[in-house]
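Reading through the structure tokens given below for one structure.
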Amino acid sequence: MSVSKMDGIEGIMDDVTAESEPGSRRGNVLLLSGSLGMGHDVMAEACATSLERRGFHTRTADCLRMTDGRNGTLGQNAFRGLIAVPGVYDALHFSQLRTGGRVARAIERTSSHFLVPRLREDIRAEPADLVISIFASAAAAVSRLKSEFPGMTTAVFSSDCCVHRIWVQDNTDLFLVTSQTAARYVRRFAPQARVAVVPTPVRTPFYDPPTQEEARGNLGIPLESRCVLLMSGSWGLGPLVEAAEALAAAGVWVLAVAGRNEKLAARLSALAQRDHRVIPFGFTNRIPELMAASNLVVTSSGDTCSEARVIGRDLLLMDVVPGHGRDNLQKELDRGHAEVTSTDSLSLTRSALACLDRVKPPSQRVAVSPQAWEQAFGAALAQIGLGVHW
0 MSVSKMDGIE GIMDDVTAES EPGSRRGNVL LLSGSLGMGH DVMAEACATS
50 LERRGFHTRT ADCLRMTDGR NGTLGQNAFR GLIAVPGVYD ALHFSQLRTG
100 GRVARAIERT SSHFLVPRLR EDIRAEPADL VISIFASAAA AVSRLKSEFP
150 GMTTAVFSSD CCVHRIWVQD NTDLFLVTSQ TAARYVRRFA PQARVAVVPT
200 PVRTPFYDPP TQEEARGNLG IPLESRCVLL MSGSWGLGPL VEAAEALAAA
250 GVWVLAVAGR NEKLAARLSA LAQRDHRVIP FGFTNRIPEL MAASNLVVTS
300 SGDTCSEARV IGRDLLLMDV VPGHGRDNLQ KELDRGHAEV TSTDSLSLTR
350 SALACLDRVK PPSQRVAVSP QAWEQAFGAA LAQIGLGVHW
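Counting in numbering that gives the first Met the number 0, the sequence shown runs from 0 upward without gaps.
Here's what the structure looks like:
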């Protein structure tokens with residue numbers, strides 16, 4: 000693939016689309032996500048976009064909804080309970096999930112007991128040539144079902160730094176991961192596994208953000224002011240209100256995103272009434288614009304980090320997600336252009352002000368192109384016979 004200086008992303012997309020010329024077979028792809036926050040859904044959306052450009056037909060299913068037969072709230076509430084008590088999810092992740100202990104195996108068996116029958120019914124109704132599990136319990140269920148569907152290819156895609164035991168299952172044709180460390184964790188449990196290391200996929204709008212001047216004009220933020228984007232996933236984890244208040248008091252404009260956390264959104268709106276430098280948002284699709292307007296992104300470890308890197312924004316990471324979140328925070332620090340902060344308002348404000356001093360002038364508009372992802376993803380598909388001529 001080649002990128003024209005004038006066309007940028009359009010040149011890359013034209014090359015990818017060329018892979019689905021008439022005469023090549025088009026397959027059906029089932030992407031299995033899980034509605035714990037937005038991270039898995041974001042990955043599924045980015046993969047679906049790339050696959051459809053290559054001529055595949057895709058659909059996405061939510062494994063949590065399948066598991067409880069309702070809207071996924073059972074799994075969501077269980078996870079919220081685990082992370083609500085300090086130390087509990089850390090203990091589960093580091094002593095059981097990462098090691099494949101007895102509790103991890105029990106979780107796998109229990110989730111598969113509910114998920115396998117519903118997933119079997121789903122695939123029988125809409126057969127899939129390729130199933131990509133972007134949720135750990137999906138990987139376990141698909142492994143148990145694969146022998147029932149001859150010819151069905153299976154892949155697992157995890158963006159975690161330390162891929163835990165439930166992700167790594169027999170009957171998986173390909174593991175997609177985003178770091179060499181993750182590849183080694185896969186091989187801890189499956190030494191002969193076929194593993195492809197790819198960049199984290201990022202949704203298309205992040206490759207075409209407005210300029211900082213345009214974004215700030217839309218938001219009413221003075222061009223010369225310091226501005227941060229403050230967010231922590233769709234659940235709004237961490238002391239975001241206290242952080243926003245302290246940053247605004249220090250003279251920083253704060254674009255504060257509550258995600259789907261309605262109580263947090265109400266508190267941020269109330270804060271904005273008292274300080275005009277705080278601009279609150281609930282769940283919004285304007286994140287590319289908000290990143291473009293900012294000098295710095297203050298967030299938790301997650302897919303937001305990859306999106307910020309595409310737009311060229313430095314990161315200040317809050318250590319608020321236990322378990323795999325702590326693994327992934329270390330990964331982001333190792334990738335550079337990122338710092339970590341404690342979450343009390345004094346420490347966070349001091350760290351943010353220091354970062355803002357270091358990132359002057361504002362970083363470039365788009366620092367990463369989709370070329371690396373598209374090339375790596377195409378090469379990975381070719382490993383399992385789903386390349387250009389499939």
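Ideal Cβ placement from N, Cα and C applies to all residues, glycine included. The model shown is predicted, which means the values in this text are computed figures rather than measured ones.
Between Asp121 and the rest of its own chain, which residues show a CB-CB distance below 6 Å, the 5 nearest in sequence each way excluded? Excluding residues within five positions, none has a Cβ falling inside 6 Å.
Can you confirm whether the region 148-165 touches the region 35-48 when touching is taken to mean that 3 or more C-beta pairs between the two stretches lie within less than 8 Å? These segments touch.
Please return the same chain residues whose Cβ sits closer than 8 Å to the Cβ of Asp169, not counting the five positions on each side in sequence. Closer than 8 Å at the Cβ level, and outside the excluded window around Asp169, lie Ser142, Ala189.
CB of Phe282 within 8 Å of CB of Ser233, strictly: Ser233 sits close to Phe282, with the two beta carbons spaced by under 8 Å.
By a C-beta neighbour count over all protein chains shown, 10 Å radius and 16 as the cutoff for buried, is Gly301 buried or exposed? Burial of Gly301 is indicated by the presence of at least 16 other C-beta atoms within 10 angstroms of its C-beta.
8 Å Cβ cutoff met for Leu91 and Gly322: Yes, these two residues count as a Cβ contact at 8 Å.
Could you check how far apart the C-beta atoms of Val319 and Gly237 are, in whole angstroms? I think they sit under 8 Å. With a Cβ gap of about 4 Å, Val319 and Gly237 count as contacting.
Taking the alpha-carbon of Leu295 as reference, which of Leu267, Val339, Asp326, Ala269 has the nearest alpha-carbon? Val339
Leu96 to Thr180 span [Cα, whole Å]: 16 Å
Can you list, in chain order, the residues of its chain whose CB lies under 6 Å from that of Ala371, leaving out five sequence neighbours each side? Pro198
Residues of its chain near Ala379, where Cβ-Cβ distance is below 7 Å and the 5 sequence neighbours each way are ignored: Leu173, Leu175, Ala195, Val197
Outcome for Asn284 when other beta-carbon atoms lying within 10 angstroms are tallied against a minimum of 16: exposed
Give me the Cα-Cα distance between Asn217 and Ala137, rounded to the nearest whole angstrom. 41 Å
For Ala214, which option in Thr72, Ser110, Ile286, Lys145 has the closest C-alpha, if you only look at C-alpha atoms? For the residues Thr72, Ser110, Ile286, Lys145, the minimum Cα distance to Ala214 belongs to Ile286.
Residue range of the unbroken beta strand (DSSP E) whose run includes Val28: 27-32
Quick check on Trp234: does DSSP put it in helix, strand or coil? coil
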